[in-house]
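Peer 1: FYI, in the numbering used here the residues of the sequence shown are 12 to 148.
Note that the Cβ used here is the ideal one computed from N, Cα and C, for glycine as well.
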Amino acid sequence: MASEQRRKWYHIKWFADDDTKEERQLIFKLDLLIVPYAFLAYWTKYIDQSNINNAYVSGLSDDLNLHGNALVHLQTMYTVGAVLGQIPFAYLFTKFPMSWVIPALDISWGVFTLLQYRATSYGELMAYRFLVGWFEV
12 MASEQRRKWY HIKWFADDDT KEERQLIFKL DLLIVPYAFL AYWTKYIDQS NINNAYVSGL
72 SDDLNLHGNA LVHLQTMYTV GAVLGQIPFA YLFTKFPMSW VIPALDISWG VFTLLQYRAT
132 SYGELMAYRF LVGWFEV
């Protein structure tokens, strides 16, 4: 009885019973297109969030003369930007085509992520962290 409850992964129903062969092929092609993009987006987001810790330990704190809770404040600015960015982007998503909004957000996020390398002050780095969070919506 326990073996009947546990299915192997290839016995899982991936499609609805009434899906035609063409629909199944389309779903499969969409999965091949969307899943790698989603994986890469999530992976780069994770790397972006964790690299501030690596940079802090590797000399960022000395270069920008950071003390105390500066790292926590940098991480908080990222979160504040992400939360506050929800409001205008919820409006943009309904007014503009997603085919333009999502790539624009991704490009802006990438630009501000890359600009963090040139920060010469704590305030500048906080602004970049805020904007990275803002565009990561």
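(1) At 4 residues or longer, what runs of the alpha helix (DSSP H) sit wholly inside the stretch 48-133?
(2) Quick check: the stretch 100-111 against the stretch 45-54, are at least 3 beta-carbon pairs closer than 8 angstroms?
(3) Since I believe threonine 124 is in contact with valine 143 (beta carbons under 8 angstroms), could you give me their beta-carbon distance rounded to a whole number of angstroms?
(4) Is it right to say glycine 79 is buried, meaning 16 or more other beta carbons lie within 10 angstroms of its own, or is it exposed?
(5) Figure out for me which residue from Leu85, Ile118 and Val112 has the closest Cα to the Cα of tyrosine 133.
(6) What would DSSP say about isoleucine 23, mapped onto helix, strand or coil?
(7) So for glutamate 147, helix, strand or coil by DSSP?
(8) Can you find the residues in the same chain that come closer than 6 angstroms, C-beta to C-beta, to leucine 136, ignoring five residues on each side of it along the sequence?
Peer 2: Answer, in terms of the structure:
(1) 81-106 and 109-126
(2) no
(3) Indeed they touch by this definition, with Cβ atoms about 5 angstroms apart.
(4) exposed
(5) Leu85
(6) coil
(7) coil
(8) Ala130
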